[in-house]
């Protein structure tokens, strides 16, 4: 039981490194379309939820604007976009998948449109631990050609276990309580924010970023 | 096991390097107040979120930072929905001035907000 030392919150980067064959590519090699088209603005569509957590997408959508803005893009205000689309009768992104990306340039003036899928959103409890897992998959499409410009996904698991703790029965009981409390409070959003940060760091920088046009050689991991 | 630990350590070093955003934006409590407004959609939580938006704008101006993308527009849109057209339009224009990328969008918001909705508008 004690062979796995776990700090209070051990961030396990399972994820895209975890399975299969991983290769390293430069951003230029992985996403040449980004450097050709140089999109300045990204329209984030309401996330698509592939999990059974009904409220995941509404809350998750609040975590997207900041990391994309920090990568140098103009990000249309997601709440306003969602509201306006509902006004037009489009409540779910799933329902507008068939709409050509070009429409979003016409309607909103966006250079690119981002499709986000929530692939995992769950909590697990076990006797002396627990964890929260969030998985996301991003796909950016050009609103000029409709082609895919950038695509990346990741799954992040954060351990909410109570930490090393003492041995013995008392220690075990304390740990069970601590885990239950931690996991109950464990908000998914901090995990989602970290997952976003990891995935979004792979997008080539936009024009508001100081390294705009200089990151072609940055290396990223890609699953084959 | 050792392998996994190595990957973990490597990955965390890698990502801690990207932790500090090189663009200076002031976002205040944006994400959490928006979350609260969605989780408990009451007039109070919406007002709290509006206060956060105003604070972001003031603080950005005080620190001579560009107001983050979408913040002027989101605030302006909320004002329009409350019927405060003059102020709402003002903030939408600020979005378009700050970010020329938003011009088409801002025009679209203005048009949609000033045309009567199909059916009825909830008060």
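Residue numbers (the working numbering), protein chains in the order written: chain S, 123 to 346; chain B, 560 to 682. We put the CB at the ideal spot given by N, CA and C, even for glycine.
Beta-ladder partner(s) of residue 243(S), from DSSP | The residue you call residue 243(S) lines up with position 121 of the first chain. 256(S).
Is the beta carbon of residue 231(S) sitting closer than 8 Å to the one on residue 662(B)?
-> Start at 1 with the first residue of the first chain, and residue 231(S) comes out as number 109. Start at 1 with the first residue of the second chain, and residue 662(B) comes out as number 103. Cβ distance < 8 Å, so residue 231(S) and residue 662(B) count as in contact.
Do three or more CB pairs link the stretch 253 to 268 of chain S to the stretch 310 to 320 of chain S at distances below 8 Å?
-> yes
Pick from 191(S), 280(S), 326(S): whose alpha carbon is nearest that of residue 247(S)?
-> Reading the first chain from its first residue, position 125 is the one you call residue 247(S). Selected option, being the one with the closest Cα: 280(S).
Counting Cβ pairs closer than 8 Å, one from the stretch 143 to 161 of chain S and one from the stretch 204 to 219 of chain S, do we hit at least three?
-> no
Output, in chain order, the set of chain B residues within a Cβ distance shorter than 8 Å of residue 181(S).
-> Your numbering for residue 181(S) matches position 59 in the first chain. The answer, in chain order, is 594, 597, 598.
Taking only beta-carbon positions, decide if residue 202(S) is within less than 8 Å of chain B.
-> For the purposes of this step, residue 202(S) is identified with residue 80 of the first chain, where counting begins at 1. At least one chain B Cβ lies under 8 Å of residue 202(S).
Exposed or buried, residue 502(B), counting other C-beta atoms within 10 Å across all chains shown (16 or more means buried)?
-> Limits of chain B in this structure are 560 at one end and 682 at the other, which puts residue 502(B) out of reach.
In three-state terms, what does DSSP make of residue 269(S)?
-> As a working mapping, residue 269(S) is identified with position 147 in the first chain. Of the three classes helix, strand and coil, the one that applies to residue 269(S) here is coil, per DSSP.
Drop a sphere of 10 angstroms on the beta-carbon of residue 323(S), count the other beta-carbons inside from all chains shown, and report buried for 16 or more, exposed for fewer.
-> Indexing the first chain from 1 puts residue 323(S) at position 201. Looking at its Cβ environment, which holds 16 or more other Cβ atoms inside 10 Å, residue 323(S) is buried.
Starting from the beta carbon of residue 169(S), find every residue of chain B whose beta carbon is closer than 8 Å, and list them in chain order.
-> Here residue 169(S) refers to the residue found at position 47 when the first chain is read from its first residue. In chain order: nothing, as chain B lies at least about 13 Å away.
For residue 195(S), which option in 162(S), 265(S), 171(S) has the closest C-alpha, if you only look at C-alpha atoms?
-> Within the first chain, numbered from 1, the residue matching residue 195(S) stands at position 73. Cα-wise, what sits closest to residue 195(S) is 162(S).
Reducing DSSP to helix, strand and coil, say where residue 554(B) ends up.
-> Given that chain B is displayed from residue 560 to residue 682, the structure contains no residue 554(B) and the question cannot be resolved.
Would you mind telling me which residues of chain S sit closer than 9 Å to residue 632(B), beta carbon to beta carbon, in chain order?
-> Within the second chain, residue 632(B) is the residue found at index 73, counting from 1. What residue 632(B) touches in chain S: 198, 199, 202.
For residue 628(B), count neighbouring Cβ atoms within 10 angstroms of its own Cβ and tell me buried if that reaches 16, exposed if not.
-> Within the second chain, numbered from 1, the residue matching residue 628(B) stands at position 69. Buried is the call here.
Chain-order list of residues whose beta-carbon lies under 8 Å from that of residue 596(B) (same chain, five-residue window excluded) | Working through the second chain from its first residue, we reach residue 596(B) at position 37. 604, 605, 607, 608.
For residue 600(B) and residue 184(S), the rounded distance between their alpha carbons = The residue you call residue 184(S) lines up with position 62 of the first chain. The residue you call residue 600(B) lines up with position 41 of the second chain. Residue 184(S) and residue 600(B): Cα-Cα distance of roughly 14 Å.
Under 7 Å Cβ to Cβ from residue 657(B), same chain only, skipping five residues before and after it: list those, please.
-> Reading the second chain from its first residue, position 98 is the one you call residue 657(B). Once the five neighbours on either side are set aside, the close Cβ partners of residue 657(B) are 625, 626, 631.
List the endpoints of the continuous alpha helix (DSSP H) containing residue 614(B).
-> Against the second chain, residue 614(B) aligns to sequence position 55. 602 to 621 is the extent of the alpha helix (DSSP H) around residue 614(B).
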